[in-house]
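Working notes for the structure below.
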Amino acid sequence: MRLREFLESLNEGMILIEYQPSDHPERAFLEILTFFKEKGVTPVVVDIKDSLQVFVQQLKLQGFKIKVDDLKVIKEGGRATVGELLGKIDEFEDFTHHIGKYWEVYKKISSEERKTLIILGLHKFLNQIKPDITKIEAYFEVIGRRHLQESGRVAFLFLNIGASSKYFRKGLEEIADCVLRVDKYQNVLVR
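Heads up: the sequence shown begins at 71 in this note's numbering, then just goes up one per residue.
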């Protein structure tokens with residue numbers, strides 16, 4: 071199945087997108103952006119530790135054109151600002167404080183603007199917290215589940231499985247509504 075086919079059949083939910091370091095997740099990101107922009111929706115991007123800049127740079131190096139000025143971005147760590155910055159969270163030591171800061175930023179975004187959420191660089195965040203499934207569940211309660219309380223909302227979580235522990239991966243697979251494995255050709259394996 072191609073990624074576009076999957077997107078056309080999607081109504082709502084939390085989608086975990088797994089990829090290997092040698093794949094091209096930035097192409098899947100571009101396909102998701104393009105798909106929703108065609109529907110008049112500009113996704114909110116959660117940029118963890120400059121992952122958005124890396125994705126955009128990789129796309130440009132591959133000859134793709136991507137407009138990012140109008141992207142609504144919540145920044146979690148990192149230095150590079152890409153898109154329209156809605157808020158920045160630099161607190162990682164105190165997990166509860168981090169979640170509180172994220173929620174403060176997120177709740178200021180209008181309901182319509184946050185219809186689609188894309189989280190990039192998830193492995194960078196998960197590798198900073200101790201292997202504790204309750205923290206993972208708490209994070210996704212705020213970043214994913216609360217986001218989905220209204221119908222028609224969707225959250226995409228990009229996870230580099232080569233840079234993540236098996237423990238985190240299995241925990242995320244359990245929490246997600248759907249797990250996709252995207253390869254560099256944008257073929258999708260629904261797990």
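In this text, a Cβ means the ideal position worked out from N, Cα and C, and glycines have one as well.
H193 is classed as buried because its beta carbon has at least 16 other beta carbons within 10 Å across all chains shown.
Here D120 has G148, R149, A150 as same chain residues with Cβ atoms under 7 Å from its own Cβ, once five neighbours each way along the sequence are excluded. About 5 Å separates the CB atoms of V116 and I144; that is less than 8 Å, so the two are in contact. For the beta strand (DSSP E) assignment, the uninterrupted runs of no fewer than 3 residues enclosed by the region 105 to 152 are, from N- to C-terminal side, 114 to 118, 142 to 146. Just measuring C-alpha positions, the residue of F228, G133, V114 sitting nearest L155 is V114. DSSP, reduced to helix, strand and coil, places Y255 outside both helices and strands of the structure shown, so it counts as coil.
As the crow flies, the alpha-carbon of N81 is around 12 Å from that of F106. The Cβ atoms of E88 and I231 lie closer than 7 Å to each other.
For the pair D93 and D253, the Cα-to-Cα distance works out to about 5 Å. At a cut-off of 4 residues, the continuous stretches assigned as alpha helix (DSSP H) that sit fully inside the region 167 to 207 are 192 to 196.
Counting C-beta atoms within 10 angstroms of its own C-beta, K130 has fewer than 16 neighbours from the protein chains shown and is therefore classed as exposed. Each residue's CA atom was taken as its position, placing S180 and G133 some 34 Å apart.
In the three-state reduction of the DSSP assignment, F162 falls in the coil class, being assigned neither a helical nor a strand state. By a beta-carbon distance limit of 8 Å, D247 does not contact M71. Their separation comes to about 17 Å.
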